[in-house]
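Counting from 333, one number per residue, gives the positions in the sequence shown under the working numbering. The beta carbon of each residue, even a glycine, is placed where N, CA and C say it ideally should be. Okay, so here's the structure we're looking at.
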Amino acid sequence: MKIGIVGPGALGTFLAGSLSEGNDILLLGKRERTIDDIEISGKTELKTTVRYTVEPSELRDRELTILCTKSYDTRQAMEVIAPYIDAYVLSLQNGLKNEEIILDSIPDDKVIGGITSHGFLYVGSGKVIHTGKGKTVIGVYPEGMDDDLKKIRDVLNFAGLNVELTDNIKGHIWKKVIVNSGINPITALTGLKNGEILKRKYLKNLLEQVCSESAAIARTEVTLPGGDPVKEAEQVAESTADNRSSMLQDIEHERKTEIDCINGAVIEVGKNKGLDTHYNTILYELVKAREYSYL
C-alpha cells in the first residue's frame, strides 16, 4: 500500500519504520532534516530506510495518509496537505476535535478516526524507543463501518499495531481522552512515570476524581465502549507503568503540550452542558502555568 505519514515525531517515525516492509512509505515533515535510517528499539527492534520529504505534493498518489502531528498542528497540516489528498486520512492523534478539523478539508467518507495505547519515546530524527505495547482501534468517523477498513487494519496489523475495528470510534476517542485527562497532566506536573500515580494514594485519588468527572461529561456526547473508564485509567497506568507520558515529555523538553485538546476540550463540553469541571480546570490551569514559564 502507498502510505503517507504526516509528522516525523515518535509515533510517525515508528509507523514509517514498522510499515516500511511491504509498503511504499513517504514520511512528510515541515522542516528539512536528515533521516537516513529509522532505528526503533525497545519492544520493537528494527532498522530500515524510508523516503522523507517536506513537499506535501508528494502525497498525491497515496492510498492512505496517517496524521501523526500534535493536535494543535492539525488545522495547519490539513490546510497544507488537503489539496493533494484524494483517499483516506487516518488520525492517530491525541485529544478531541482532530477528526472534525479533517472533515472540514476532505469528504466525510474518507475520514478515519483512531487511537493507540502503544508508548513511544522520541530520541532524535529517525530514532524512537518503543516503550510499551498496546492496542490500536480505528473506525469511520464519527461512526459506521467500511469494508476498506479491513484492508487498512490488515496492513497495520502486519506492522504489529494490534488493530481492532469499531463502528463507534468517537466513543473510543472519548474513552482515551478520559484516561489521558487524568494520567497526562498528573505526570506532567509531578514528573512521575505513569505507574507511580498508583503508588501514591493522593495522586491515585486525584486520578479517579478527574477521570470520573471527564466520564460524566463524555456520556453527554457519546456511548462509551467497554467497562468503567475510571478503572480503565488505573489499568492503563499499571500496564504503562514505566512510560513517561507525552505531556510529561513535552514539559521536560519545554514544548507546547496538548492540554488544550484533552482537559481543555473536556472543560469546553462540560461548561456547554452545565456540568462541573472542577478537577479538569485545576489540572488545566496548572499545566498552562508550567507552559507559560518557558513558552
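Task: Ranges of the alpha helix (DSSP H) found wholly within the stretch 570–603, counting only runs of at least 4 - done: DSSP runs (the alpha helix (DSSP H)) wholly in the stretch 570–603: 578–584.
Open item on the list: Can you find the residues in the same chain that come closer than 8 Å, C-beta to C-beta, to LEU535, ignoring five residues on each side of it along the sequence?
Closed with: Translated into the one-based positions of the sequence shown, residue 535 becomes position 203. For LEU535, where only same-chain residues beyond five positions count, the Cβ hits under 8 Å are ILE518, THR522, LEU524, GLU528, ILE529.
Task: Neighbourhood of ASN526 by C-beta distance below 7 Å, restricted to the same chain and skipping five residues each side - done: Residue mapping note: residue 526 aligns to position 194 of the sequence shown, counting from 1. Non-local beta-carbon contacts of ASN526 in its own chain, meaning distances under 7 Å to residues more than five positions away in sequence, involve ILE515, THR519, ALA569, THR572, ALA573, ASN575, SER577 in chain order.
TODO: Please confirm whether LEU428 and ALA565 have their CB atoms less than 8 Å apart.
DONE: Taking the first residue of the sequence shown as 1, we reach residue 428 at position 96. Taking the first residue of the sequence shown as 1, we reach residue 565 at position 233. Not a contact, by the Cβ cut-off of 8 Å.
TODO: Below 8 Å on the Cβ atoms is my guess for ILE470 versus LEU422; work out the distance and round it to an integer in Å.
DONE: Taking the sequence shown and counting its residues from 1, the one referred to as residue 470 is at position 138. Taking the sequence shown and counting its residues from 1, the one referred to as residue 422 is at position 90. Confirmed, Cβ separation roughly 6 Å.
TODO: List the residues that DSSP assigns as beta-bridge partners of TYR305.
DONE: Nothing can be reported for residue 305, as the shown portion of the chain is limited to 333 through 627.
Task: CA-to-CA distance, ASP368 to SER546, given in whole angstroms - done: Residue numbering aside, residue 546 sits at position 214 when the sequence shown is read from its first letter. Residue numbering aside, residue 368 sits at position 36 when the sequence shown is read from its first letter. If you take the alpha carbons of SER546 and ASP368, they lie about 43 Å apart.
- [ ] Can you grab the Cα-Cα spacing for the pair GLY361 / ILE447, in whole Å?
- [x] Locating residue 361 in the sequence shown gives position 29, where the first residue counts as 1. Locating residue 447 in the sequence shown gives position 115, where the first residue counts as 1. About 21 Å.
Open item on the list: Taking the straight line between their C-alpha atoms, what separation do you get for LYS533 and GLN425?
Closed with: Sequence index remark: in the sequence shown, residue 533 carries index 201 (1-based). Sequence index remark: in the sequence shown, residue 425 carries index 93 (1-based). Between LYS533 and GLN425, the C-alpha separation is close to 30 Å.
- [ ] May I have a chain-ordered list of the beta strand (DSSP E) segments no shorter than 3 residues that lie completely inside the stretch 407–450?
- [x] Restricting attention to beta strand (DSSP E) runs no shorter than 3 residues, the stretch 407–450 encloses them at 420–423, 443–448, ordered along the chain.
Open item on the list: Can you confirm whether the stretch 410–419 touches the stretch 346–358 when touching is taken to mean that 3 or more C-beta pairs between the two stretches lie within less than 8 Å?
Closed with: Segments in contact, no.
Task: Distance CB(GLY445)-CB(LYS502) smaller than 8 Å - done: For the purposes of this step, residue 445 is taken as the residue at position 113 of the sequence shown. For the purposes of this step, residue 502 is taken as the residue at position 170 of the sequence shown. Yes, these two residues count as a Cβ contact at 8 Å.
TODO: Kindly say whether THR572, judged by its beta-carbon, lies nearer than 8 Å to any beta-carbon of chain B.
DONE: Reference to chain B is not applicable here, since this structure consists of a single protein chain.
TODO: Measure the CB-CB distance between GLU586 and TYR616 and report whether it falls below 8 Å.
DONE: Residue numbering aside, residue 586 sits at position 254 when the sequence shown is read from its first letter. Residue numbering aside, residue 616 sits at position 284 when the sequence shown is read from its first letter. Here GLU586 is not near TYR616, since their CB atoms are 8 Å or more apart.
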